[in-house]
Amino acid sequence: MAEETRRLLELSHICKEFELKQGERLKAVADVTLSVEKGEWVFVAGESGCGKSTLVRLAARTEPLTSGKVLFEGKDLTSAREKELRWYRRQAQVVFQDPGDVCSPRMKVGRFLMEPWINFEKKTRREAKEMALYALERVGLSKEFFEKYPHQLSGGEMQRVAVARAIALHPALLICDEATSALDVSVQRQIIHLLREHQRETGVGILFICHDLALAENFGDRVAVMYLGHIVEVMAGNDLRKHARHPYTRALLDSVLSVRSDRQKPIPVLPGEPPSPVNLREGCVFRSRCRYAEEVCARKMPGPREVGDGHWAACWRAQGLPER
Amino acid sequence: MNILELEHVSIVYGCGKSAVEDVSFQVAEKSILAVVGESGSGKSTILRAVMGLLPPGGKVTGGAIRFDGQDMGNFTPEQLRRLRGRDIAMVFQNAGEYLNPRRKVGAQYLETLGCHLDIPRAEQKKLALDMLAALKLTDGERVMNSYPFQLSGGMKQRAAMAMAMSLTPRLLLADEPTSALDVTVQAQVVQEMLQLRENLGTAMVIVTHNMGVASRMADYIVVMREGRIKELGTRDQVILTPKSDYTKELLSAAPALK
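One line per chain: the protein sequences are U and C, in this order.
324 is the number that our numbering gives the last residue of the first sequence; the numbers go up by one with no jumps.
1258 is the number that our numbering gives the last residue of the second sequence; the numbers go up by one with no jumps.
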C-alpha cells in the first residue's frame, strides 16, 4: 500500500505508431513500461530517433497513444477528457530543450511568468506579479528581468525563466525534454542544481530526457536507456558505469570521450547506425549492431528480465555477459 | 614549420562589437589544435576569419593571419579562391545545411572536385568513392545517389568531411564537427578524423565546446573566453595541469562518468 501512494507517474505498456504513406508503419514507442515515484529523478537516455521525445509527449498527454496506459497518482488518464487533462497539466509541467520556442517573442518575461497564476489560480494581476517576481528570485534572476523580452536573454537565462514558470505552481511532476542539452556546461550545471534543490524542497518527481549518460549517472535515481522505441535497460543511476548489462548501454558508455581518456587506446566504436524504425523486422532491435547477438536474438525481441535489485535488461544474453 | 599563424588578431562585427581580441597561436604542420570555449567566446569567428567567411560587417581589424608564412590579407580574391578548398578546407557543425537539398550528394561532390582538379570524371568519381570508403561509408554509390535528406546526420557529416578531404588539403578547419552527432557516431567520426591525419598528414584546427573531444584529438589546446585567449598549451599541459581558473572550471563543469 505504501508503495502505491509513492507512485506518481506510471506508463504501462505504452505504444505509439505513426502511419506513413503506402501502409508503412513507424513504431516510435514500443511497449514501454516505466514509472516515476514522488521525489524521484528518472533519466531516459538514448540517441536521436530512439523515441524519447515521443515518450515525452505521451507522458505529458499531448499526443494520443496507440495502446497502453498512462496513470497519474493512480488515475487513468489514457482516455481523459479535457477537464481531467487540465488538472493534469497543472500537476505535470514540461520544460523543453529550447525555451525560446515556448515563450512568445512579443511577450515580456514578466507576463510569461504571471500566466500560470492567472490561468490556473485565478489570481489578480497584482498577486500574479508578486508571484512572478518571487519566481525570478527563486531561480537567481534579478527583478529587472520582469520587463525584458526573450531576445534580450541568453539561452541559460531563458531556460531559468522556463524552469521558474514550470515550478511556480509546485507541480508534482516535471517532465524535462533535453532541457540542458543546448546550454554551455557551466550553465547546464546551474540548471541541474536548481532542479535538484527544488526537488529536495518540494519532493517533485522528475522525468528527465537526455542523451548525456554522465549527467544521468551523477543525478539520476534511476536511468532508463532507450533504443529504437524500446527501453532496453533500467537501473540505478549511480551503478551505471559499473553494472550496465545491456550491450547497447555499455556501447554508449564506451563512446563517451572522457577528458582523461587514455589516448593510446583505440576508442571502442559501435559499428554502424541505428536501422530505420520503419517496418522493423522480427527479433531484438539492437541485434544488427550487437557483437553478442546469436540465433535467438533474430527470432524475438526479449522482454525485460531482472538482472539485479531493481535492475532490468531486455537482452537474451544479459545473464551470460561478462562483468565490466 | 607552421602552416598557420595568427598574430595579434582582432575581429570586430558590424555593430562595433569586438568578437576576438589580440589572439595569437600557431599550428604546426600535421598537428591538431583545438580551440575550446563556451558560446560567445569567439572560437568559430576565428575559423571564419581564416577561411575569409566572416559574415557581412565582420572585419579583421588588427594583426595578421599567415598561411605558409604569407600574410593572407595581401592575397588577391583569385589567390584566395584557389587556396580555399584546395589547400584549406572547412567542415561545419551541421554539414547537412551546407549541402543543396535539391541536388544529389554525388553531383555536389563531383562539382567540388571539378572546380579544383583537371581530371576525367571517372577518376573524380573513383577519388570520391575511395574517400567515402576511408570514412567508413562503404556503400559510397548509394551515398552519391542520395539527396541530403535521405542520409542520416552521421552520414552527411562524413560525406562533407570526405568532400573536404578529397583534395588532400594541408589544413582542415572544423567547426564543432561532432557536436550535432550522437555519442556513438561522434566516437566513430573522431576516430576517422584521427585516421585521416595519420594517413594524409593533414593539419587541423578543431573548434569544439566538448573537452572530451579536444582532449582526445588535440596536440595543442587554446582555451578562449569572451574573445580572448585564457590559456594555451600542449594537450597535457592544459588537460592535466591547467593554469587558468577558467580552464579548471571548464574541465570540472561537465559531469564525468564515475
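Even for Gly, the Cβ is constructed at its ideal location relative to N, Cα and C.
query: So residue 353 of chain U contacts chain C; which residues on that side make the cut at Cβ distance below 7 Å?; result: Nothing in the structure corresponds to residue 353 of chain U, since chain U is present only between 1 and 324.
query: What residues of chain U sit near residue 1257 of chain C, judged by a beta carbon separation below 8 Å?; result: 213, 214, 217, 240, 241, 253, 256, 258
query: Could you tell me which chain C residues have their CB closer than 8 Å to the CB of residue 269 of chain U, listed as they occur along the chain?; result: 1184, 1187, 1188, 1191
query: Would you call the region 161-171 of chain U in contact with the region 126-140 of chain U, where contact means no fewer than 3 C-beta pairs closer than 8 Å?; result: yes
query: Tell me the DSSP secondary structure of residue 107 of chain U in three-state form.; result: coil
query: Based on Cα-Cα distance, which residue from C/1201, C/1209, C/1066 lies nearest to residue 1031 of chain C?; result: C/1201
query: Have a look at residue 1125 of chain C and residue 275 of chain U and give me their C-alpha separation to the nearest angstrom.; result: 27 Å
query: Could you tell me whether the Cβ atoms of residue 256 of chain U and residue 213 of chain U are closer together than 9 Å?; result: yes
query: Starting from residue 1175 of chain C, trace the beta strand (DSSP E) in both directions and tell me its first and last residue.; result: 1171-1175
query: How about residue 155 of chain U: is its C-beta nearer than 9 Å to some C-beta of chain C?; result: yes
query: Name, going along the chain, the residues of the region 1190-1212 of chain C whose beta-carbon falls closer than 8 Å to a beta-carbon of chain U.; result: 1190, 1191, 1209, 1210, 1211, 1212
query: Can you tell me where the beta strand (DSSP E) holding residue 1002 of chain C begins and where it ends?; result: 1002-1012
query: How would you list, in chain order, the residues of chain U whose beta-carbon sits under 8 Å from the beta-carbon of residue 1158 of chain C?; result: Within chain U, no residue comes near residue 1158 of chain C; the closest Cβ sits about 10 Å away, beyond 8 Å.
query: Residue 1039 of chain C CB to nearest chain U CB: under 9 Å?; result: yes
query: Examine the Cβ distances between the region 1135-1150 of chain C and the region 1175-1184 of chain C and report whether three or more of them are shorter than 8 Å.; result: no
query: Nearest chain C C-beta to residue 51 of chain U closer than 9 Å, yes or no?; result: no
query: If you reduce the DSSP assignment to three classes, tell me which class residue 1018 of chain C lands in.; result: strand
query: If the cut-off is 9 Å on Cβ atoms, which residues from the region 1225-1245 of chain C count as contacting chain U, listed in chain order?; result: 1235, 1239, 1240
query: Output yes if chain C places a C-beta closer than 9 Å to the C-beta of residue 184 of chain U; else output no.; result: yes
query: At least one CB of chain U closer than 9 Å to the CB of residue 1044 of chain C: is that the case?; result: no
query: Within the 9 Å Cβ cut-off, does residue 116 of chain U reach chain C?; result: no
query: Leaving aside the five residues before and after residue 1261 of chain C along the sequence, list all residues of the same chain whose C-beta is less than 6 Å from its C-beta, in chain order.; result: Shown here, chain C extends from 1001 to 1258; a query on residue 1261 of chain C therefore has no answer.
query: Mind listing which residues of the region 1136-1151 of chain C have their C-beta closer than 7 Å to chain U's C-betas, in chain order?; result: none
query: Does DSSP classify residue 15 of chain U as helix, strand or coil?; result: strand
query: Could you check how far apart the C-beta atoms of residue 1027 of chain C and residue 1205 of chain C are, in whole angstroms? I think they sit under 8 Å.; result: 6 Å
query: Return the residues of the region 170-204 of chain U that lie within a Cβ-Cβ distance of less than 9 Å from chain D, sorted by chain order.; result: In the structure shown, chain D cannot be found, because the protein chains are U and C.
query: Quick check on the burial criterion: 16 or more other C-beta atoms within 10 angstroms. Buried or exposed for residue 101 of chain U?; result: exposed
query: Closest by CA to residue 272 of chain U, which one among U/290, U/128, U/50?; result: U/290
query: Name the DSSP beta bridge partners of residue 35 of chain U, please?; result: U/10
query: Look up residue 1196 of chain C in the DSSP assignment and say whether it is helix, strand or coil.; result: helix
query: Taking C-beta to C-beta, are residue 1034 of chain C and residue 1217 of chain C nearer than 9 Å?; result: yes
query: Kindly list the residues whose CB is nearer than 6 Å to the CB of residue 1257 of chain C, restricted to its own chain and excluding five residues on each side of it in sequence; keep chain order.; result: none
query: For residue 233 of chain U, which residues in the same chain have their Cβ closer than 6 Å to its Cβ, ignoring the five residues on either side in sequence?; result: 225, 246, 249, 313
query: From the DSSP output, in three-state form, read off residue 233 of chain U for me.; result: strand
query: Assuming the contact rule is C-beta atoms closer than 8 Å, residue 175 of chain U and residue 56 of chain U should be a hit. Round their C-beta distance to whole Å, please.; result: 6 Å
query: How is residue 2 of chain U classed by DSSP in three states: helix, strand or coil?; result: Confidence is the limiting factor: at residue 2 of chain U the pLDDT is only 48, short of 50, which leaves the residue's position unreliable, though a coordinate-based value still follows. DSSP places residue 2 of chain U in helix when its eight states are reduced to three.
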